[in-house]
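Undergrad: The structure under discussion is supplied below as structure tokens; questions concerning it will follow.
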Amino acid sequence: MSERIALLADVHGNATALAAVLADAKAHQATRYWFLGDLILPGPGGSDLFDLLNSVHTDVILNGNWEDSFFSILGGAGVVDNTFDIYFMKICSYVEQRLTPTLIQNMRQHPIATVQHVGPLTIGLSHNLPHKSYGRDLYPEQPQANYDNLFADQQLDIAVFGHIHQQLMRYSSQGQLIINPGAVGQAYDPWTPLSKDHRAEYALLDVADNGVNQVDLRRIPYDVEQELATAKAANLPYYALYEQLRRTGQTYNHDEAALKQANDQFGYRQDAIAFRRSHHLLPY
Numbered sequence: 149m150s151e152r153i154a155l156l157a158d159v160h161g162n163a164t165a166l167a168a169v170l171a172d173a174k175a176h177q178a179t180r181y182w183f184l185g186d187l188i189l190p191g192p193g194g195s196d197l198f199d200l201l202n203s204v205h206t207d208v209i210l211n212g213n214w215e216d217s218f219f220s221i222l223g224g225a226g227v228v229d230n231t232f233d234i235y236f237m238k239i240c241s242y243v244e245q246r247l248t249p250t251l252i253q254n255m256r257q258h259p260i261a262t263v264q265h266v267g268p269l270t271i272g273l274s275h276n277l278p279h280k281s282y283g284r285d286l287y288p289e290q291p292q293a294n295y296d297n298l299f300a301d302q303q304l305d306i307a308v309f310g311h312i313h314q315q316l317m318r319y320s321s322q323g324q325l326i327i328n329p330g331a332v333g334q335a336y337d338p339w340t341p342l343s344k345d346h347r348a349e350y351a352l353l354d355v356a357d358n359g360v361n362q363v364d365l366r367r368i369p370y371d372v373e374q375e376l377a378t379a380k381a382a383n384l385p386y387y388a389l390y391e392q393l394r395r396t397g398q399t400y401n402h403d404e405a406a407l408k409q410a411n412d413q414f415g416y417r418q419d420a421i422a423f424r425r426s427h428h429l430l431p432y
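In our numbering, the protein residues as written are 149 to 432.
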């Protein structure tokens, strides 16, 4: 028995990066594909992202905290006098139009964690912790006990998670393997000298009858200009900030001043009101 599993996470709407990673995984003869959540937002990708995953017969698709936020906004979360809520309402309403109703309904069924059995190994997959898709619990500086929580409810040999946008390999207190494949669509390095590399990240996990043969943490170049052209042609909201993200790696979803400036410049508050009205969400 021999399997080469492509571990994918955190595309964040960047279909160009996802296509490049899938091409690399196919070239390296991956036999399975597992996706660990945060497929959508803030990039322009919609149903095309699922088409790409389906093209390689991805057999695990998890939701992440951005999918959870998407469904919260569709369910009525947020107020139109909050800068961050206006931002999420605007980008969620945009992506909703790029997904079919059937696809959205299918997305609601995706879990945030699951378990897979491959040969002699039991492998836990989660976006963040198995019971929690958000938070800083598994950032690299966090204590060992947090990482041990990946194994708290299961007899696992390996835990694979996404969310932190940093490639990582370490062990639990009992010696179980922990892998983070990094981010396909939004790589992140907090250390400035390492922060210039914005290539798409993923991992290949080789499993055979004797256990894990290899973990290959990979970085793949992709065409940033093509991704920006796609975003511009698709009238992506907050395009200038997305361009900054793609060129510099500098995120903006927590930058209140930058978001407020865009909200005011483009009338996104009124769009948020219109979105809530169209979905019969009160108050407006």
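Glycine is no exception: its CB is placed at the ideal position from the N, C-alpha and C atoms.
Note that the structure is predicted; figures quoted are calculated from it, not measured.
Taking the Cβ atom as the reference point for each residue, do Met237 and Ile252 lie within a distance shorter than 8 Å?
TA: The sequence position of residue 237 within the sequence shown is 89, counting from 1. The sequence position of residue 252 within the sequence shown is 104, counting from 1. Taking 8 Å as the Cβ cut-off, Met237 and Ile252 do not qualify as a contacting pair.
Undergrad: My guess is that Ile209 and Leu201 are in contact by the Cβ rule of under 8 Å, so how many angstroms apart are they, rounded?
TA: Sequence index remark: in the sequence shown, residue 209 carries index 61 (1-based). Sequence index remark: in the sequence shown, residue 201 carries index 53 (1-based). Confirmed, Cβ separation roughly 6 Å.
Undergrad: Could you give the residue range of the beta strand (DSSP E) that holds Gln324?
TA: What you label residue 324 is simply residue 176 of the sequence shown in a count that begins at 1. Neither: Gln324 is in no beta strand (DSSP E) and is coded neither H nor E.
Undergrad: Cutting at 8 Å between CB atoms, please list the residues of its own chain near Lys174, excluding the five before and the five after it.
TA: Indexing the sequence shown from 1 puts residue 174 at position 26. Taken in chain order, the residues that qualify are Val204.
Undergrad: What residue range is occupied by the uninterrupted alpha helix (DSSP H) comprising Met237?
TA: In the sequence shown, residue 237 corresponds to position 89, counting from 1. Here the alpha helix (DSSP H) through Met237 covers Thr231 to Glu244.
Undergrad: On the criterion of 16 or more Cβ atoms from any shown chain inside 10 Å, does Val159 qualify as buried, or is it exposed?
TA: Here residue 159 is taken as the residue at index 11 of the sequence shown, counted from 1. Buried is the call here.
Undergrad: Taking only the alpha-carbon atoms, compute the straight-line gap between Asp296 and Ile188 and give it to the nearest angstrom.
TA: Translated into the one-based positions of the sequence shown, residue 296 becomes position 148. Translated into the one-based positions of the sequence shown, residue 188 becomes position 40. For Asp296 and Ile188, the distance between alpha carbons rounds to 29 Å.
Undergrad: Taking contact to mean at least 3 C-beta pairs separated by less than 8 Å, is the stretch 322–329 in contact with the stretch 378–393?
TA: Contact fails: fewer than three Cβ-Cβ distances are below 8 Å.
Undergrad: Between the C-alpha atoms of His427 and Gln257, what's the straight-line distance to the nearest angstrom?
TA: Position 279 of the sequence shown, counted from the first residue, corresponds to residue 427. Position 109 of the sequence shown, counted from the first residue, corresponds to residue 257. Those two C-alpha atoms are separated by around 21 Å.
Undergrad: By the 10 Å Cβ neighbour count, where 16 or more other Cβ atoms means buried, how is His279 classified, buried or exposed?
TA: In the sequence shown, counting from the first residue as 1, residue 279 sits at position 131. With fewer than 16 Cβ atoms within 10 Å of its Cβ, His279 is classed as exposed.
Undergrad: For Asp445, which beta-bridge partners are listed by DSSP?
TA: The chain is shown from 149 up to 432; residue 445 falls before or after that span and cannot be answered.
Undergrad: Give the range of the beta strand (DSSP E) segment to which Leu273 is assigned.
TA: Here residue 273 corresponds to residue number 125 of the sequence shown, with the count starting at 1. First-last of the beta strand (DSSP E) with Leu273: Leu269 to Ser274.
Undergrad: Could you have a look at Val208 and say whether DSSP puts it in helix, strand or coil?
TA: Here the question's residue 208 lines up with position 60 in the sequence shown. Three-state result, Val208: strand.
Undergrad: Grab the span of the alpha helix (DSSP H) containing Gln264 for me, first residue to last.
TA: Taking the first residue of the sequence shown as 1, we reach residue 264 at position 116. Premise fails: Gln264 lies in the beta strand (DSSP E), Ala261 to Val266, not in any alpha helix (DSSP H).
Undergrad: Three-state secondary structure (DSSP) at Ala331?
TA: Indexing the sequence shown from 1 puts residue 331 at position 183. Residue state, collapsed to three classes: coil.
Undergrad: Could you tell me if Glu289 is buried or exposed, where buried requires 16 or more neighbouring beta carbons within 10 angstroms of its beta carbon?
TA: The residue you call residue 289 lines up with position 141 of the sequence shown. That one is exposed.
Undergrad: What are the boundary residues of the alpha helix (DSSP H) that Arg180 is part of?
TA: As a working mapping, residue 180 is identified with position 32 in the sequence shown. Element bounds for Arg180: not the alpha helix (DSSP H) but the beta strand (DSSP E), Arg180 to Phe183.
Undergrad: Is it right to say Asp199 is buried, meaning 16 or more other beta carbons lie within 10 angstroms of its own, or is it exposed?
TA: Here residue 199 refers to the residue found at position 51 of the sequence shown. Flag for Asp199 reads exposed.
Undergrad: For the beta strand (DSSP E) containing Gln292, list its first residue and its last residue.
TA: Numbered from its first residue, the sequence shown carries residue 292 at position 144. No beta strand (DSSP E) contains Gln292, which is instead part of the alpha helix (DSSP H) from Gln292 to Asp296.
Undergrad: Could you check whether Pro190 and Ile239 sit closer than 8 Å to each other, using their CB atoms as the reference points?
TA: On the sequence shown, residue 239 is found 91 positions in, with the first residue counted as 1. On the sequence shown, residue 190 is found 42 positions in, with the first residue counted as 1. Taking 8 Å as the Cβ cut-off, Ile239 and Pro190 qualify as a contacting pair.
Undergrad: Buried or exposed, going by whether 16 or more other CB atoms sit within 10 Å of the CB of Val227?
TA: Here residue 227 corresponds to residue number 79 of the sequence shown, with the count starting at 1. Counting Cβ neighbours within 10 Å, Val227 comes out exposed, since fewer than 16 surround it.
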